[in-house]
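First comes the structure, then the notes that go with it.
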Amino acid sequence: MTNAATTPPPDNRRGGLTRDDIVTAALELVRTEGIQAVTMRRLADVIGVTPMALYHHVPNKGVLLDLVVERVGADLRLAHDGRPWTDQIRDYAHAWRVELHRYPGVAGHLLRQAAPPAMSWRIMDDAISLMVEAGYDEQEATRAFAGLVSFVLARCDQEEVMAGHAHADEVEITDDRIRGMLPAAHDNLDLGRVARYLTELSHDEHFAYMLDRILAGIDVQRG
């Protein structure tokens with residue numbers, strides 16, 4: 407005998423479904439499986455509706471991803487607490503790195519956009535105004551901060567790519583192994599030793615090192 411309380415067909419839920427529900431579910435899918443996992447069909451399966459129910463609220467995947475990206479880092483703000491601008495931007499960049507890694511693929515997605523998403527203007531207003539207060543010309547501050555953003559996004563994207571190729575049973579990296587992978591002709595340097603310098607740095611250390619150098623270089627220009 408059929409139970410009268412059977413689950414209704416997926417489309418029957420459309421009336422109670424909102425755009426916010428869809429974006430929240432998509433954001434969670436990005437968090438757990440990465441942005442590449444988001445398709446209208448997959449998201450519909452996760453929510454328990456048909457794809458057509460989603461299209462009633464979101465016209466296409468591109469718009470959906472734009473809405474998802476707007477949620478990432480929505481609560482991140484610069485402190486504007488009187489500390490040197492470099493300290494505040496440094497903390498902000500590290501916070502963004504943590505946030506971007508919570509949502510795999512978002513950094514790469516942002517790098518490949520033809521136009522900056524709406525959230526970019528909020529971030530620029532927040533950061534560039536801080537740099538102007540510190541004594542920078544508005545044009546110089548804009549160009550410098552744009553370069554800094556490019557570094558953060560590109561580095562986060564690269565870290566995710568490298569993590570995707572990592573294996574728990576990796577062969578130990580030794581100087582001899584490194585040299586064995588290098589071209590025979592390298593007259594100027596011991597490239598095995600140079601390569602070792604790179605392999606000694608963790609992702610955290612590399613990010614912090616480069617961020618500090620970029621900020622120091624920008625700060626010199628202020629004078």
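Numbering-wise, the numbering used here comes out as the position in the sequence shown, counting from 1, plus 406.
Even glycine gets a Cβ: it sits at the ideal position worked out from N, Cα and C.
Query, Result
"Do you know how far the Cα of T548 is from the Cα of H500?", "20 Å"
"Excluding five sequence neighbours on each side, which residues of the same chain lie with their C-beta closer than 8 Å to the C-beta of I620?", "G553, L554, F557"
"Output the distance between the C-alpha atoms of E544 and R528, rounded to the nearest integer angstrom.", "16 Å"
"If you run the structure through DSSP and keep just helix, strand and coil, what is A614?", "helix"
"In the structure shown, what three-state DSSP assignment does D497 receive?", "helix"
"First and last residue of the alpha helix (DSSP H) that includes H453?", "Looking at the sequence itself, residue 453 is Ile, so the reference to His does not match. First-last of the alpha helix (DSSP H) with I453: 446-453."
"Could you tell me which of R503, I428, I453 sits nearest to L639, measuring between CA atoms?", "Beyond the ends of the chain as shown, which are 407 and 629, falls residue 639; an answer cannot be given."
"Can you tell me where the alpha helix (DSSP H) with G479 in it begins and where it stops?", "Where G479 is concerned, there is no enclosing alpha helix (DSSP H), given that its DSSP letter is neither H nor E."
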